[in-house]
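When the letters of the sequence shown are read in order and numbered with our numbering, they come out as residues 1 to 372. Following: one structure in structure tokens, then a few remarks.
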Amino acid sequence: MLDIKIYGHSRSEKIGIIISNFPKGFTINIKELQKFVDRRKSQDNIWSTPRKEQDKIELVSGASMINDVEFETNGDILEFSITNSDIKSDNLTEKEKPYLCRPSHADFVSYKKYGQIFPGGGPFSGRMMASYAILGGIASQILYKNGITIAAYITQIGKVKAKTYYDNTSFVDAGISNLHNKFNNKNFAFNDDLFRILDKNDREELISEIKNAAEKKDSVGGKIECVAYGVPQGLGGPIYNSFEGRLSYHLFAIPAVKAYECGIGTNFANSNASKVNDQFCKINDEVSTITNYNGGIVGGLTNGEPIVFSVSIKPVPSIGIEQDFYNIKTEKIEKFAIKGRNDACIVPRAVVLVESALAITILENMIDAKLI
1 MLDIKIYGHS
11 RSEKIGIIIS
21 NFPKGFTINI
31 KELQKFVDRR
41 KSQDNIWSTP
51 RKEQDKIELV
61 SGASMINDVE
71 FETNGDILEF
81 SITNSDIKSD
91 NLTEKEKPYL
101 CRPSHADFVS
111 YKKYGQIFPG
121 GGPFSGRMMA
131 SYAILGGIAS
141 QILYKNGITI
151 AAYITQIGKV
161 KAKTYYDNTS
171 FVDAGISNLH
181 NKFNNKNFAF
191 NDDLFRILDK
201 NDREELISEI
211 KNAAEKKDSV
221 GGKIECVAYG
231 VPQGLGGPIY
241 NSFEGRLSYH
251 LFAIPAVKAY
261 ECGIGTNFAN
271 SNASKVNDQF
281 CKINDEVSTI
291 TNYNGGIVGG
301 LTNGEPIVFS
311 VSIKPVPSIG
321 IEQDFYNIKT
331 EKIEKFAIKG
341 RNDACIVPRA
351 VVLVESALAI
361 TILENMIDAK
371 LI
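Here it is, written out as structure tokens:
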């Protein structure tokens, strides 16, 4: 597996990522990589923080530019950095109340472990995910060249639900649904939309849920679903080497992720096996399954069907509503409302990170299996 280290923090001069054990000979388009990473950064929209970072990728080591837009890995330790260009703090919990621990942030537990409250969340901040997206973008390019396409999209904001992979249950031609065919298309795309959903008719109601939270100085969570087509059979292993286990390792590196479900997930709990077993069929002499309730993973191994999973994203804890904070200096509870640059909903910006987690997991397993 890759040895991955993310360094820096929310208010440091730079953040970055160091990847050891990365093979040589992979050619990456840096313009496409920058475009991938930019999907995570704050834009001028209703859901994002006003903090504006350029997130320009800087190659430090482990690769050489072979022309104006491409670099090739050389087998050395791969490192990239990003300069934090907008690190000012207008958050009163940092300026006037530096001893306050924010509810549902890592402030209190990090104080207990490290003896300090890190400005802006420090290494626990979602800001660190800009570096994470660099590796995700590299992995996605390599996988795409090897016939693997990954797409994540929003399926829920607050109480409003949008279309999912499993909403199309009318399987035809021995198990290939219309939606399944859509993902089989290597040209599948979302027209570069930063608010990615399967059905554009769901957009207005989902956006309205974010606006309602923002107007109340609140924030809202949601769900993201991710699908990968073209993944080979046999990636992963039993018990501690399961594909799901490694995927969860990368998913829970994303600070806002609080739950993850493979296939139909918790719906297995209220089902009979006769209704949710993925029975076998043959398509053009190839063994397949009529349904894909397990989301392309059984026994910890990929089975060649599309990988399907979803994650639950918690609301951004920093809100402008008065709440109970803990003061580590006075050891008392204080009422306080945060005034700062915070997201009303982090879900749209997290979509590319969920794609990254799956791309990294697949790439690692394919490298270990010597399939790439």
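All C-beta atoms in this analysis are idealised placements derived from N, C-alpha and C, irrespective of residue type, glycine included.
Relative to the C-alpha of residue i, which residue among the options is closest?
i, options, result
"I6", "S12, I19 and N277", "I19"
"L247", "N365, K97, T291 and V37", "N365"
"G265", "Q279, H250, A253 and V298", "V298"
"A374", "Q34, L194, K216 and Y114", "Examination of residue 374 is not possible in this model, given that the chain is present from 1 through 372 alone."
"K275", "E209, F26, Y293 and L194", "Y293"
"D387", "F80, A350, R39 and I117", "The chain is shown from 1 up to 372; residue 387 falls before or after that span and cannot be answered."
"F26", "Y144, N84, E58 and Y114", "Y144"
"I367", "G234, D285 and S12", "G234"
"P103", "K113, V354 and Y326", "Y326"
"Y99", "T291, A253, I4 and F118", "F118"
"K335", "A350, I210 and K97", "K97"
"R196", "A350, H250 and A369", "A350"
"V354", "A273, Y249, I283 and E215", "Y249"
"N21", "D202, G75 and K217", "G75"
Assuming residue i and residue j form a contact by the criterion Cβ under 8 angstroms, report the distance between their Cβ atoms to the nearest whole angstrom.
i, j, result
"K41", "A152", "17 angstroms between Cβ atoms; not a contact."
"I154", "S140", "Their Cβ separation, rounded to whole angstroms, is 19 angstroms, which puts I154 and S140 out of contact at 8 angstroms."
"L358", "C226", "6 angstroms"
"V316", "V257", "13 angstroms between Cβ atoms; not a contact."
"I333", "Y111", "Going by Cβ atoms, the distance from I333 to Y111 rounds to 15 angstroms, so no, they are not a contact pair."
Between residue i and residue j, is the Cβ-Cβ spacing less than 8 angstroms?
i, j, result
"G221", "I313", "yes"
"L301", "G245", "no"
"G384", "F36", "What the structure shows of the chain is the stretch from 1 to 372, and residue 384 is not part of that stretch, so it cannot be assessed."
"I77", "K14", "no"
"S10", "G120", "yes"
"T73", "K31", "no"
"V287", "G295", "no"
"V347", "I224", "yes"
"A124", "P255", "According to the sequence as given, residue 124 is Phe; it is not Ala. Taking 8 angstroms as the Cβ cut-off, F124 and P255 qualify as a contacting pair."
"A344", "I321", "no"
"I142", "A228", "no"
"S356", "L135", "yes"
"E163", "D107", "According to the sequence displayed, residue 163 carries Lys and not Glu. Their beta carbons are not under 8 angstroms apart, which means K163 does not touch D107 by this criterion."
"G304", "S318", "no"
"G16", "F71", "no"
"F280", "T291", "no"
Buried or exposed: residue i, going by 16 or more other Cβ atoms within 10 Å of its Cβ?
i, result
"N267", "exposed"
"L371", "exposed"
"F243", "buried"
"T330", "exposed"
"P306", "buried"
"D55", "buried"
"K186", "Its pLDDT being 46, under 50, K186 is placed unreliably by the model, and the measurement read from it follows with that caveat. Looking at its Cβ environment, which holds fewer than 16 other Cβ atoms inside 10 Å, K186 is exposed."
"M128", "buried"
"V352", "buried"
"D324", "exposed"
"Y240", "exposed"
"V172", "Bear in mind that the predicted position of V172 carries a pLDDT of just 28, short of 50, making it unreliable; the figure below should be weighed with that in mind. That one is exposed."
"I362", "buried"
"H180", "In this prediction, H180 scores a pLDDT of 46, lower than 50, which makes its location untrustworthy; no coordinate-derived value is stated."
"I28", "buried"
"I66", "exposed"
"G8", "buried"
"N342", "buried"
"Y114", "exposed"
"F183", "Confidence at F183 is low in this model, with a pLDDT of 49, below 50, so its placement is unreliable and the value that follows should be read with caution. With 16 or more other Cβ atoms within 10 Å, it is buried."
"A213", "buried"
"D278", "buried"
"I283", "exposed"
"N84", "buried"
"M1", "exposed"
Is residue i near the ligand FAD - that is, is its Cβ less than 7 angstroms away from at least one heavy atom of it?
i, result
"G296", "In the structure shown, the ligand FAD is absent, as is every other ligand, since no ligand is present at all."
Stretch-stretch touch, CB-based, cutoff 8 angstroms, three pairs: the region 58-78 with the region 142-161: no
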